[in-house]
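Have a look at the structure below before the remarks.
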Amino acid sequence: MALKIRLARGGAKKRPFYRIVVADVRSPRDGRFVEKVGSYNPMLPKDNADRVVLDAERIQHWLGHGAKPSDRVLRFLDAAGLMTREARSNPNKAEPGQKAKERLAEKKQAAEDAAAAAAEAASAGAEAPAEEASAE
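When you read off a place in the sequence shown, starting at 1, and then add 130, the result is the number in our numbering.
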């Protein structure tokens, strides 16, 4: 039986509360579980001690029996010093999407065209008085 340490949602609508449970990977998120090993209340402030409550001894037991933590639970275990989590890096996250890039390119092209037209008008305007002066 493959085990996972994961969150099971509880609480009312828009008032989440999670139990940290050891469950079979095939069981549903809020369904059957083997053992409750902690809780997570995201409604509490981040510096509150009751926000994440872990039973470290039982978690170590289940990790020793091959249970794998989910990503969110791994963050909690890393903060508690029970496991180490490798930092992730997504360098493309801040990059704009395809349509935003196209809009930016169109805007840049329009600015270049406007600057070229202004320069052309200025040079044409400078030539006109010179022609009038030579005609006199």
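In this text, a Cβ means the ideal position worked out from N, Cα and C, and glycines have one as well.
If you're wondering where the values come from, they're calculated on a predicted model, not measured in any experiment.
Rounding to the nearest angstrom, what Cα-Cα distance links residue i and residue j in this structure?
i	j	result
alanine 254	alanine 217	60 Å
tryptophan 192	valine 152	8 Å
alanine 210	proline 199	14 Å
valine 164	proline 146	21 Å
serine 219	alanine 138	27 Å
alanine 251	aspartate 243	12 Å
glutamine 228	alanine 241	20 Å
DSSP has residue i in a bridge; who is on the other side?
i	result
serine 169	Arg149 and Val183
leucine 133	Asp154
glycine 141	Pro146
proline 199	Ile135
So which of the options has the shortest CA-CA distance to residue i?
i	options	result
tyrosine 148	Glu225, Val182 and Lys238	Val182
aspartate 180	Arg188, Tyr170 and Leu212	Tyr170
leucine 207	Ala249, Asn222 and Asp185	Asp185
alanine 142	Ala245, Pro226 and Pro172	Pro172
If residue i sits next to residue j, beta carbons under 8 Å apart, how far is it from one beta carbon to the other, in whole angstroms?
i	j	result
aspartate 154	methionine 131	6 Å
arginine 202	arginine 215	Not a contact, Cβ separation roughly 11 Å.
lysine 144	alanine 197	At roughly 31 Å, the Cβ-Cβ gap does not stay under 8 Å, so lysine 144 and alanine 197 are not in contact.
Excluding the 5 residues flanking residue i on each side, which residues of the same chain have their C-beta closer than 6 Å to its C-beta?
i	result
lysine 166	Arg149 and Val151
Excluding the five sequence neighbours on either side, which residues of its own chain have a C-beta within less than 8 Å of the C-beta of residue i, listed in chain order?
i	result
glycine 168	Arg149, Ile150, Val182, Val183, Leu184, Asp185, Ile189 and Phe206
Apart from the five residues on each side of it in sequence, which residues of its chain come closer than 7 Å, Cβ to Cβ, to residue i?
i	result
leucine 174	Asp180 and Arg181
glutamine 239	none
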